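J.: Numbering (the numbering used here), first residue to last: 58 to 426.
#1: Pull up the distance between the alpha-carbon of residue 406 and that of residue 267, whole angstroms please.
#2: Are residue 119 and residue 94 closer than 8 Å when you measure CB to CB?
#3: Nearest to residue 285 by CA position, among 307, 302, 240 and 301, is which residue?
#4: Taking just the CA atoms, how far does residue 363 sit from residue 412?
#5: What did DSSP end up calling residue 425 once you bin it into helix, strand or coil?
#6: In chain order, which continuous runs of the alpha helix (DSSP H) of length 4 or greater are located wholly inside the region 178 to 220?
#7: Is there contact here, the region 115 to 131 with the region 146 to 162, by at least three beta-carbon pairs under 8 Å?
#8: Identify the residues that DSSP records as bridge partners of residue 151: which are they?
#9: At the 8 Å Cβ level, is residue 282 part of the contact set with chain C, yes or no?
#10: Throw me the rounded Cβ distance for the residue 293 and residue 217 pair, which I believe falls under 8 Å.
#11: May I ask you to report which of helix, strand or coil DSSP gives residue 377?
#12: Determine the burial state of residue 326: buried for a count of at least 16 other Cβ atoms within 10 Å of its Cβ, exposed for fewer.
#13: What number of angstroms, rounded off, separates the C-alpha of residue 69 from the C-alpha of residue 161?
#14: Starting from residue 354 and walking both ways along the beta strand (DSSP E), at which residues does that stretch end?
#15: Run the CB neighbour count on residue 424, radius 10 Å, all protein chains shown included, and call it buried at 16 or more, exposed below.
#16: What beta strand (DSSP E) runs, 3 residues minimum, are completely inside the region 291 to 377?
#17: Between the region 128 to 142 and the region 311 to 331, do at least 3 Cβ pairs fall closer than 8 Å?
#18: DSSP state of residue 408, grouped into three classes?
#19: Whole angstroms are fine: how far does the CA of residue 258 sit from the CA of residue 308?
#20: For the 8 Å Cβ check, are there 3 or more pairs between the region 338 to 346 and the region 245 to 261?
#21: Quick one: is residue 277 buried, meaning 16 or more other Cβ sit within 10 Å of its Cβ, or exposed?
#22: For a test of the three-state rule: what should DSSP assign to residue 229, helix, strand or coil?
#23: Can you tell me whether residue 167 is buried or exposed? The criterion is at least 16 other CB atoms within 10 Å of its CB, across all chains shown.
#24: Check whether the region 174 to 185 and the region 344 to 351 are in contact - that is, three or more C-beta pairs closer than 8 Å.
#25: By the three-class DSSP mapping on this structure, what secondary structure does residue 171 have?
#26: Please return the same chain residues whose Cβ sits closer than 7 Å to the Cβ of residue 58, not counting the five positions on each side in sequence.
#27: Quick check on residue 247: does DSSP put it in helix, strand or coil?
#28: Classify residue 74: buried if its beta carbon has 16 or more other beta carbons within 10 angstroms, exposed otherwise.
#29: Let me check understanding here. Comparing Cα to Cα, which of 127, 322, 190 and 354 lies closest to residue 328?
#30: Which of helix, strand or coil does DSSP assign to residue 85?
#31: For residue 141, write down the residues that DSSP places opposite it in a beta bridge.
#32: Among the candidates 212, 296 and 181, whose CA atom is the shortest distance from the CA of residue 234?
#33: Quick one: what's residue 389 bridged to in DSSP?
#34: Under DSSP, the beta strand (DSSP E) around residue 105 begins and ends at which residues?
Dropping the structure here:
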């Protein structure tokens, strides 16, 4: 029986090697057991495997593209360290010999990667400024914040009102109206439902917990009572600031034809993927601006130039465009990302390999190798 992969084995795979220990642990909550394939066995055909990302661990595979082209992938090769999935460019994969692959949920992997890259610079900035970020890291792990843009979180921080509370203080009472929510920065609290003899404790809140938000989302009365179990510091967020926090930014997306039109007018591609992904293939003269480093690198960009961002699914490039727009740049994401391109479009766009290009002060672009 196959055993689950160990953390060091996962870190040899790209882009799993970019995940933090916390995010990697979240990924390991699903069974990461190698899937055996017998020689000649089909892994997928058509779009039957479109929801999964695969890594070749042992053996060899025959790959067939949408244009009929065929090639082989062998375990241990540089190519086998990268994920592949069914789509417009890859329509059939079959085992050439007894092999094993690791299958991961594509949406989960992309979500973990996008979250980490999008929030990394924010957390680093706070730590550098001497701020304690444990509560924020825990908060950002909650489902409520899974789709909140990092810039919304950044803007929220300036709206928070810190309140010191003693042990035993009742902050929320069941049945009262709610005009704000709270985040627990330090200390513990308990959640109780029911009144009088029907009271019962249903949860204990720790650092990073958000509470009181349900009354804002549903516009109903408080559905529980929250009492401090020890001296605590809570951060209060007013209703309207909470609604603004959850508001998704409006981003204009471009298809490849529209992007090519802007390139002809002097626009610049920004590849916001990881360096390992970029080096496998990138757009002509595209600058590699990984999302988690983008804020630091924007000083090298020109305010009067249009920037076009791309990644695999479009999630990272959407976050990049939102950040660039907040900083006064004009930027657009490629609609649907690279995954939405046909095999011909993909090959035409990602036509260069290697270390690529660097941005220099004054907006100059130079070949780096």
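Every residue, glycine too, gets a C-beta built ideally from N, C-alpha and C. Since the model is a prediction, treat every value here as computed from it, not as a measurement.
T.: Straight from the coordinates:
#1: 43 Å
#2: no
#3: 240
#4: 23 Å
#5: coil
#6: 191 to 197 and 207 to 214
#7: yes
#8: 99 and 119
#9: Checking the listed chains, one finds no chain C in this structure; it contains a single protein chain.
#10: 7 Å
#11: helix
#12: buried
#13: 15 Å
#14: That residue, residue 354, is in no beta strand (DSSP E); its alpha helix (DSSP H) goes 351 to 354.
#15: exposed
#16: 325 to 328 and 363 to 367
#17: no
#18: coil
#19: 43 Å
#20: no
#21: exposed
#22: strand
#23: buried
#24: yes
#25: helix
#26: Residue placement at residue 58 is poorly supported in this model, since its pLDDT is 46, which falls under 50; the coordinates still yield a value, given next. Hits under 7 Å: none found.
#27: strand
#28: exposed
#29: 354
#30: coil
#31: 111
#32: 296
#33: 365
#34: Counting along the chain, residue 105 falls outside any beta strand (DSSP E), and DSSP gives it neither H nor E.
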